[in-house]
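Okay, structure first, notes after.
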Amino acid sequence: MSSSKVVPWRPDDGSKPTPEEPGSDTFRPEILDLIEHKIDELSDDLRRLSLDIHAHPELGFEEVYTHDVLSSFMSKQGFEVKTHYLLDTAWLATFKHGKGGRTIGVNSEMDALRGIGHACGHNLIAIAGVAVACAMKAVLERFDISGTIQLLGTPAEEGGGGKCDLLDRGAYKDMAICLMHVFKYHLLFVVLKTYQRCHPAPGPTGSVSLSSCLAAQQCEVEYFGHTAHAALSPWEGINALDAAVLAYTNIGALRQQLKPNVRVHGIFEGRDWATNIIPDYAKYSFWVRSTNRVDQETAFKRVLPCLEASAKATGCNHKITMKKQFLDIRQNKALGDEVARIVRSRYGAIDYEWGIKDASTDFGNVTYEIPSLHPGFAIPTIENGGNHTSAFERAAATIEAHNACLDVSKALATTGIRALIDDEFFSEVQRAFEEDKKVR
């Protein structure tokens, strides 16, 4: 491991990042050069693949088209591909070279959002995994390095928790580390199709983020009442919608006593509702989020009585169903420092504050199991056009977003190779993972 001092990435320790000299302290620069060449060589193919996925958005666990085009692409790149791997729309592409060596895992996401397509840019996350895996394959072949690359196509990140299912089924068990990235955005004003940068928020152009994200628990509560004519004989009814509204109101009153780092939000759903019929069924689906697992679970325990009290107040029966829990991202410090060093040296800036810190992802669960890194990177969009908006869906198809995606892919691929061949660095990755366990 180099003796060069690298500013720690964690935002809460009072330190500030410092720029690297161009090319300074690059581990095996000839490897990074090859990775850059390989990804640039694939750029046009990756661009077509990204736009194809973008043009065919599919919801979680329904990514049939995307599953096929990605698995087919990886097969043509010389990977052994298992289609429908453990889940119907998951897939695994593997490349082995030599004998023995570590296994480096990479993730590609595939699913889109209902009504607004790839408004979280999973078309870019998909090709980023492809780029990282193909670049590392080129290095193993050129420098005759023993090791294994596994690219895992993971469905249903948008609330479905596909990675949680894959974890439970052993998809990550052979990986020494796992790499993945996601987006943040910077703001641009758009005038007659010409971009002019305003202030960079939340991150500067070309920046890569190493922030965490929120731990989250999905839950739904169903209320069961009795119908009645809402005007003729309302006293005969038991109003399930009233129960759901009271649950929502109870939680609203609770907010004053919740920590500032807690978020609770949700929606009502019903069936066969009519204005002149007292509803006999209502469902309140919601999330409880916080910056770490402990605070999230503590807040959730306080929310539960709010649900139960509304059932008692209205005379309804109720059923609480716990959905998947997404954990906060535990960014591996050693991996993060290495990506920061590469990005500052060749591609742009490192952001330690914004990223997806106020969102949630099922990749957080992976970071609790194996050393992992999940950096974000900025792509251009318009004001108020961040993730999960139609503006971001359009931004995810721009050439600027494509180029930013390739830059961070180069940094991740280089970091993955270092973890594969540098024993001292890999030991530091493992030490960072064990140290992080102590504060969970």
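First residue of the sequence shown: 1, per full-length UniProt numbering; consecutive thereafter. Where is the CB? At the ideal position from N, CA and C, for every residue including glycine.
Of all C-beta pairs linking the segment 100 to 107 to the segment 380 to 398, fewer than three are shorter than 8 angstroms, placing the two stretches out of contact. For residue 138, the closest alpha carbon among the candidates 299, 344, 78 and 170 is that of 78. Considering only 414, 434, 423 and 430, the residue with the shortest C-alpha distance to residue 140 is 414.
Inter-segment contact for the segment 308 to 328 and the segment 345 to 352 is absent: fewer than three beta-carbon pairs are separated by less than 8 angstroms. Beta-bridge analysis with DSSP links residue 76 to no other residue.
Linking residue 123 to residue 116 through their CA atoms gives a straight-line distance of about 13 angstroms.
In this structure, residue 330 keeps its C-beta atom at 7 angstroms or more from the C-beta atom of residue 165. When only Cα atoms are considered, residue 260 and residue 214 end up about 13 angstroms apart. Here the alpha carbons of residue 168 and residue 337 stand approximately 29 angstroms from one another. Assignment of beta-bridge partners to residue 322 by DSSP yields 219. Within the DSSP secondary-structure output, residue 317 pairs in a beta bridge with 224. The beta carbon of residue 63 sits closer than 7 angstroms to the beta carbons of 89, 110, 111 and 155 from its chain, once the five residues preceding and following it are set aside; these are given in chain order.
Checking the DSSP bridge columns, you'll see residue 285 partnered with 220 and 267.
When beta bridges are read from the DSSP output, residue 210 appears opposite no residue. Residue range 103 to 109 is occupied by the beta strand (DSSP E) that includes residue 108.
Annotated as distal: residue 93 and residue 49, with beta-carbon spacing of 7 angstroms or more. Assigned with DSSP and collapsed to three states, residue 256 falls in helix. In this structure residue 221 is in contact with residue 320, their Cβ atoms being roughly 5 angstroms apart against a cut-off of 8 angstroms. According to the DSSP assignment, residue 357 belongs to no beta strand (DSSP E), since it is labelled neither H nor E. Beta-bridge partners of residue 376 (DSSP): 182 and 209.
Closest in C-alpha terms to residue 350, from the list 358, 429, 339 and 359, comes 339. With a threshold of 16 other beta carbon atoms within 10 Å, residue 322 falls short and is exposed. Counting of Cβ neighbours within 10 angstroms places residue 372 among the buried residues, the total reaching 16 or more. Residue 313 places its beta carbon less than 7 angstroms from that of residue 246. Burial is judged here by how many other beta carbons sit within 10 angstroms of a residue's own beta carbon; residue 293 has at least 16 and is buried.
Residue 113 is bridged by DSSP to 117. An exposed status is given to residue 257, since fewer than 16 other beta-carbon atoms sit within 10 Å of its beta-carbon. The Cβ atoms of residue 174 and residue 66 do not sit closer than 7 angstroms to each other. Straight-line measurement puts the Cα of residue 127 at about 25 angstroms from the Cα of residue 26. Per DSSP, the continuous alpha helix (DSSP H) segment holding residue 54 begins and ends at 29 to 55. When secondary structure is reduced to three states using DSSP, residue 125 falls in the helix class. Boundaries cannot be given for residue 388, as no beta strand (DSSP E) includes it and DSSP labels it neither H nor E. In this model, residue 286 and residue 248 are separated by some 10 angstroms (Cα to Cα). Counting along the chain, the unbroken beta strand (DSSP E) around residue 94 starts and ends at 91 to 97. In the three-state reduction of the DSSP assignment, residue 139 falls in the helix class, which pools H, G and I. Looking at the DSSP output, residue 82 bridges to 92.
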